[in-house]
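Going left to right, the sequence shown walks through residues 28 to 200 as the numbering used here numbers them. We put the beta carbon where it would ideally sit given N, CA and C, even for glycine.
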Amino acid sequence: MIEDGARAPVECVVCTDYVPPFDQWIALLKYGNHHGMARFLGHWLGITVLESGMDLPDVLVPVPMSPDKLRRRGYNQTALIARHVGLHIQRPVKTDWLLKTEGLGAQATLGREDRLLNLQGAFRAKIGIPENLRVGLVDDVITTGATIQSCAAALRKAGAISIVTMAVCRTPE
């Protein structure tokens with residue numbers, strides 16, 4: 028469980044820790060332009076979600092990238108993973124329901140408190156998304172939970188009744 032700072036904890040399903048070889052697989056997708064890894068990782072995450080016994084969400088929403096980073100990379104690896112999770116668990120994926128603002132510094136070098144501060148107000152949900160849906164928030168790696176907290180708060184503000192998080196990896200404690 029991850030506390031989202033809003034109304035309730037966010038249920039979380041993760042495949043494994045962010046250790047070799049899994050960290051290398053994520054890096055191949057994220058930085059090496061190996062889109063085939065998204066199919067593998069998404070399928071694996073889909074299996075993990077189904078085996079977890081969690082109530083499946085109504086819709087999947089990938090954690091977004093800033094528009095600038097998306098332009099530079101050319102794709103959002105989390106959206107690619109989400110698409111394959113959606114195919115596996117038979118749920119639609121909405122890549123435009125959550126937006127990240129420009130101008131935030133990179134999270135990778137920050138500690139938990141700084142990550143939380145850096146992400147305050149960093150995400151906003153699209154206006155007009157249906158209310159009372161159970162949303163599955165998809166991420167590649169969960170480090171401190173700060174990104175998930177910020178995304179969940181934006182989705183709850185827009186009317187999501189509950190949030191579940193699905194991630195391929197988490198950094199070990």
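Item checked: Nearest-angstrom Cβ-Cβ length linking G202 and L87, presumed shorter than 8 Å -> No answer is possible for residue 202: it lies beyond the span of the chain, which begins at 28 and ends at 200.
Residue range of the beta strand (DSSP E) that I169 falls in?
-> R161 to I169
- Query: Would the stretch 72-79 and the stretch 45-59 be scored as touching if the rule is three or more Cβ pairs under 8 Å?
  - Reply: no
Indicate the three-state DSSP secondary structure (helix, strand or coil) for N190 in the structure shown.
Per the sequence presented here, residue 190 reads as Ile, with Asn not at that position. Reduced to three states, the DSSP call for I190 is strand.
| What do you reckon, are the CB atoms on C39 and T198 nearer than 8 Å? | no
Considering just the uninterrupted stretch of the alpha helix (DSSP H) at V46, what are its terminal residues?
Run containing V46: none; DSSP gives neither H nor E here.
Worksheet item: When we look at the beta-carbon of D31 and count the other beta-carbons within 10 Å, is it buried (16 or more) or exposed?
Response: Any reading at D31 must be qualified, since the residue scores a pLDDT of 46, below 50, and its modelled position is unreliable; no value is offered.
| said: By the three-class DSSP mapping on this structure, what secondary structure does V90 have? | reply: Three-state result, V90: coil.
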